[in-house]
Structure formats: C-alpha cells, structure tokens
Amino acid sequence: WMWGGFSVGDATLKRFFVFHFLGPFILFMLVGIHIMYLHETGSTNPLGVNSDPEAIPFHSYYLLKDLVGIFLMISFLFFICFLLPDLFLDPVNFIPADPMSTPLHIQP
Numbered sequence: 022w023m024w025g026g027f028s029v030g031d032a033t034l035k036r037f038f039v040f041h042f043l044g045p046f047i048l049f050m051l052v053g054i055h056i057m058y059l060h061e062t063g064s065t066n067p068l069g070v071n072s073d074p075e076a077i078p079f080h081s082y083y084l085l086k087d088l089v090g091i092f093l094m095i096s097f098l099f100f101i102c103f104l105l106p107d108l109f110l111d112p113v114n115f116i117p118a119d120p121m122s123t124p125l126h127i128q129p
C-alpha cells in the first residue's frame, strides 16, 4: 500500500512526501500529549513526598555547567577544524604525484 506499485513512481513519491510532511506535526502532537500527561500525573514522585530540600536549582548550577560543557566542545571542534585540518586525512595524499610510476593496484 505504501509503495504504490512494484517500482518507484508518482504514487510512491506522493505518499513519501505526504508522510514526511505530516510526520513532524504528528510527532509534535505526541510530544505535547506526553508533556500534558507528565504535567497531570507528575514525573517520578508516585508517593507524593516533597523532596524539594534535596533538589539542586537548575538555573545557577546546571545551566552554567551545560554552558561550560558546550563552550569546551565548540572550542575543541574549532581547534580540530581550523588548527589541525590534516589530522584525519590519508597520509598517501601528501606524497607528491609522480606521473612516471603507477601504483600496483592500478592496472592499465
């Protein structure tokens, strides 16, 4: 039913595009239902015990921790991309080309 036939044709592409257009909206709706359900029932407090004195506030501690972690990851990525661009390249690419010798694996 989803393919629309034995080969990829007009019906297959239309169904593919419709499903890929509607997919994010359906996912967004399911996430909204999930958040409303968690808001109604609570996340991990089945007994209803107040555990606020043991909680660490998000804003001052975890936000700063996440920002430092993101900064360190972006700094590492910047270092690798701009200061060591040849790190992951094949070493054979740095050998100067010699038109008189052909590698053994290339046969005429």
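Numbering (the numbering used here), first residue to last: 22 to 129. In this text, a Cβ means the ideal position worked out from N, Cα and C, and glycines have one as well.
Could you pull the start and end residues of the alpha helix (DSSP H) that residue i belongs to?
i: His-60; result: 31-62
i: Ile-91; result: 84-99
Rounded to the nearest angstrom, how far is the Cβ of residue i from that of residue j, given a contact under 8 Å?
i: Ile-101; j: Leu-108; result: 7 Å
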